[in-house]
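Trainee:
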Amino acid sequence: LGYLAFPTIGSPLANNTAPASDGSHLLDSSDTSTVPAEMESAKQPPRSVDPLQERHRVRLELEEAERIRGEEDWVRSGGILRDSEGKRDFPRTEKVREEIRLREWEKGARERWDEYERRWAELQAKERKGDSEITFNDIPWPVYFGERGNDQTKSSKLGTWGTVAIPPKVKLSDITRENVETFLTDGLKVRGCKVTRKERVRTSFLRWHPDKMTALVSKVTEDDRKDVEDGISAVVRCLQDM
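Residue numbers (my numbering): 1 to 242.
#1: Leaving out five residues before and five after Ile134 in sequence, what residues of the same chain have Cβ atoms less than 6 Å from its Cβ?
#2: Taking the continuous alpha helix (DSSP H) assigned at Glu72, which residues delimit it?
#3: Where does Ser30 fall in DSSP's three states?
#4: In its own chain, which residues sit with a C-beta less than 7 Å from the C-beta of Leu239, not counting the 5 before and 5 after it?
#5: Confirm, please, whether the CB-CB distance from Ile80 to Arg262 is below 9 Å.
#6: The alpha helix (DSSP H) that contains Pro91, what's its start and end?
#7: Is the beta carbon of Val180 closer than 9 Å to that of Ala228?
#8: Quick check on Leu184: buried or exposed, where buried means 16 or more other Cβ atoms within 10 Å of its Cβ?
#9: Comparing C-alpha positions only, which one of Gly187, Asn137 and Ser173 sits nearest to Asp224?
#10: Quick one: what does DSSP say Ile139 is sitting in, helix, strand or coil?
#11: Ordered along the chain, which non-local residues of its own chain (more than five positions away) have a Cβ less than 7 Å from that of Glu71?
#12: Hey, how far is the Cα of Ser233 from the Cα of Gly78?
#13: Going straight from the alpha carbon of Leu158 to that of Ser48, what length do you get?
#14: Give the list of continuous alpha helix (DSSP H) stretches no shorter than 4 residues that lie fully inside the region 177-211.
#15: For Ile175, which residues from the same chain have a beta carbon less than 8 Å from its beta carbon, with the 5 sequence-adjacent residues on both sides left out?
#16: What residue range does the alpha helix (DSSP H) around Lys226 cover?
#17: Does the beta-carbon of Arg59 have 16 or more other beta-carbons within 10 angstroms, so that it is buried, or is it exposed?
#18: Enumerate in chain order the residues of its own chain whose CB-to-CB distance from Ile100 is below 8 Å, with the five nearest sequence positions on each side excluded.
#19: Note down, in chain order, each residue of its chain lying with its Cβ closer than 8 Å to the Cβ of Thr196, except the 5 sequence neighbours on either side.
Shown next, in the form of structure tokens:
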């Protein structure tokens with residue numbers, strides 16, 4: 001004897017329909033496990049920033065910046081920082097002092113380079129006009145003088161330079177490998193600088209190449225022309241040695 005098997009309600013047979021031949025009847029339409037995670041996340045609305053939390057974050061950043069500025073001003077004036085117990089904190093004071101020195105040095109390095117580029121733009125404008133002769137001192141020689149500039153502080157549009165001043169007059173003997181290399185590479189040590197040493201040397205060589213300087217030399221005064229030619233050659237030799 002056999003037995004009768006009745007199809008369950010909702011099955012294809014109970015609905016008097018045949019199963020799909022492609023096997024799609026085996027998939028549960030409510031199953032989302034096969035949906036990629038990135039598609040699911042794309043459906044989610046972007047998270048909104050809580051205005052209160054954002055204002056709180058900004059306030060904390062401003063307070064921290066103000067705290068640091070206050071500590072630096074205190075140390076700059078000769079004060080000693082204190083720890084949470086009120087004791088003098090010499091290590092932290094020295095750390096802040098080092099940061100101040102580094103920041104001032106970076107400022108000087110940036111200003112030297114900005115002034116150098118400004119003078120180059122000025123020189124090129126003068127060369128294009130062609131209505132006046134160029135002297136040896138009109139040329140922004142890439143020379144670093146260090147402490148020698150202390151007594152010759154120079155004011156420019158960029159502010160007062162102090163120890164990083166460029167003396168008003170450069171002599172041929174100042175164009176040495178050490179002075180040129182220091183001037184051209186100091187700015188590369190500034191935090192955040194993306195220019196490499198190789199790039200700086202390359203662009204400087206293109207700028208000072210004798211073939212590029214021919215037109216400029218032709219506009220130099222007769223009295224200064226020999227010194228300018230020798231100065232250009234000295235810069236190029238320094239760049240080649242670098």
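Each residue gets a CB set at the ideal place from its N, CA and C atoms; glycine is no exception. If you're wondering where the values come from, they're calculated on a predicted model, not measured in any experiment.
Mentor: Looking at the coordinates:
#1: Mapped onto the sequence shown, residue 134 falls at position 134. Correct list, in chain order: Lys219 and Val220.
#2: In the sequence shown, residue 72 corresponds to position 72, counting from 1. Note, Glu72: alpha helix (DSSP H), Pro51 to Arg76.
#3: As a first step, residue 30 is located in the sequence shown; it is residue number 30 there, counting from the start. With a pLDDT of only 46 at Ser30, under 50, the local geometry of the prediction cannot be trusted, and the value read off the model is given with reservation. In this structure, Ser30 counts as coil in the three-state DSSP scheme.
#4: Here residue 239 refers to the residue found at position 239 when the sequence shown is read from its first residue. Taken in chain order, the residues that qualify are Val201, Ser204, Phe205 and Trp208.
#5: Absent from the structure is residue 262, since the part of the chain shown begins at 1 and ends at 242.
#6: Position 91 of the sequence shown, counted from the start, is the residue given in the question as residue 91. Per DSSP, Pro91 belongs to the alpha helix (DSSP H) from Phe90 to Lys129.
#7: By 1-based counting over the sequence shown, the position of residue 228 is 228. By 1-based counting over the sequence shown, the position of residue 180 is 180. The displayed chain sequence assigns Val, not Ala, to residue 228. Against a cut-off of 9 Å, the Cβ pair of Val180 and Val228 comes out as no contact.
#8: Indexing the sequence shown from 1 puts residue 184 at position 184. It is buried - the Cβ of Leu184 has at least 16 other Cβ atoms within 10 Å.
#9: Residue 224 sits at position 224 when you count from the first residue of the sequence shown. Here the closest residue by C-alpha is Asn137.
#10: Here residue 139 is taken as the residue at index 139 of the sequence shown, counted from 1. Residue state, collapsed to three classes: coil.
#11: Here residue 71 is taken as the residue at index 71 of the sequence shown, counted from 1. Hits under 7 Å: Leu81 and Val96.
#12: Taking the first residue of the sequence shown as 1, we reach residue 233 at position 233. Taking the first residue of the sequence shown as 1, we reach residue 78 at position 78. Their Cα atoms are separated by approximately 47 Å.
#13: The residue labelled residue 158 in the question sits at position 158 within the sequence shown. The residue labelled residue 48 in the question sits at position 48 within the sequence shown. Note on Leu158: pLDDT 38, under 50, position unreliable in the model; the coordinate value appears next. Looking at the two C-alpha atoms, the distance is approximately 43 Å.
#14: 177-186 and 197-208
#15: Working through the sequence shown from its first residue, we reach residue 175 at position 175. Once the five neighbours on either side are set aside, the close Cβ partners of Ile175 are Trp141, Val143, Gly231, Ala234, Val235 and Cys238.
#16: Position 226 of the sequence shown holds residue 226. Start and end: Glu222 to Asp241.
#17: Counting from 1 along the sequence shown, the entry for residue 59 is found at position 59. With fewer than 16 Cβ atoms within 10 Å of its Cβ, Arg59 is classed as exposed.
#18: One-based indexing of the sequence shown puts residue 100 at position 100. Answer for Ile100: Glu72, Val75 and Arg76, listed in chain order.
#19: Against the sequence shown, residue 196 aligns to sequence position 196. Correct list, in chain order: Leu188.
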